[in-house]
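Data first, discussion second: the structure below is written as structure tokens.
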């Protein structure tokens with residue numbers, strides 16, 4: 132596929148509320164958007180958002196690698212930067228879907244469902260706050276909740292999880308994110 136133009140933009144996404152992890156508090160996330168334009172004027176988009184402390188990559192390296200890739204289209208540059216490669220792959224897939232006149236999910240798999248469940252990240256430092264946030268999420272339709280553990284004492288995390296389960300009942304799936 133011939134690309135007539137490529138654009139790279141760096142943005143900062145600010146979280147509505149800080150996310151507490153075992154690595155500290157996260158208030159924002161840097162993101163790089165990659166746009167690829169074909170000769171017919173179609174645009175495809177991909178993004179890279181490495182999270183410092185959780186990945187070998189950082190936003191500056193990704194920006195540099197994508198800038199060099201933009202000039203050379205040398206895919207070997209992407210071998211050391213998985214999130215940069217993901218941005219390029221997603222942009223090409225998005226562009227292919229647009230050229231085919233299909234939504235991306237149908238372009239990738241014609242049998243894919245139109246809708247699928249997603250999980251809601253539940254924040255809170257106390258059992259009461261965490262349970263209240265979980266209840267709000269289930270009230271608007273979330274059936275799967277994700278709760279980070281490991282940043283607080285294990286006893287506090289246990290009480291938070293217990294309060295959420297008691298509040299939302301057994302039909303709601305709870306995912307525990309203990310990796311940071």
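Residue numbers (the working numbering): 132 to 311.
For glycine and all other residues, C-beta sits at the position ideal for the given N, C-alpha and C.
Alpha carbon to alpha carbon, how far is residue j from residue i? Give it in angstroms, no decimals.
i: residue 188; j: residue 212; result: 6 Å
i: residue 89; j: residue 233; result: Given that the chain is displayed from residue 132 to residue 311, the structure contains no residue 89 and the question cannot be resolved.
i: residue 281; j: residue 133; result: 47 Å
i: residue 183; j: residue 302; result: 35 Å
i: residue 171; j: residue 140; result: 22 Å
i: residue 152; j: residue 190; result: 19 Å
i: residue 297; j: residue 147; result: 26 Å
i: residue 256; j: residue 200; result: 43 Å
i: residue 149; j: residue 137; result: 33 Å
i: residue 329; j: residue 288; result: In this structure the chain extends from 132 to 311, so residue 329 is not present and cannot be described.
Looking at the strands, I want to know which residues DSSP matches up with residue i.
i: residue 163; result: 141 and 179
i: residue 155; result: 152
i: residue 252; result: 277
i: residue 288; result: Answer is none; residue 288 lacks a bridge partner.
i: residue 267; result: None; residue 267 has no bridge partner.
i: residue 169; result: 134
i: residue 304; result: 275
Would residue i and residue j qualify as a contact pair, given that the criterion is a beta-carbon distance under 9 Å?
i: residue 155; j: residue 221; result: no
i: residue 277; j: residue 252; result: yes
i: residue 319; j: residue 266; result: Given a span of 132 to 311 for the chain in the structure shown, any question on residue 319 remains unanswerable.
i: residue 382; j: residue 294; result: Outside the displayed range of the chain (132 to 311) lies residue 382, so it cannot be described from this structure.
i: residue 177; j: residue 224; result: yes
i: residue 203; j: residue 181; result: no
i: residue 226; j: residue 173; result: yes
Confirm the yes/no value for this check: CB of residue i, any heavy atom of the ligand COA, distance under 8 Å.
i: residue 293; result: Of ligands this structure carries none, so the ligand COA is not represented either.
Is residue i helix, strand or coil by DSSP?
i: residue 190; result: helix
i: residue 297; result: helix
i: residue 246; result: coil
i: residue 196; result: helix
Checklist entry - Are the region 264 to 279 and the region 234 to 241 touching by the rule of at least three beta carbon pairs closer than 8 Å? => result no
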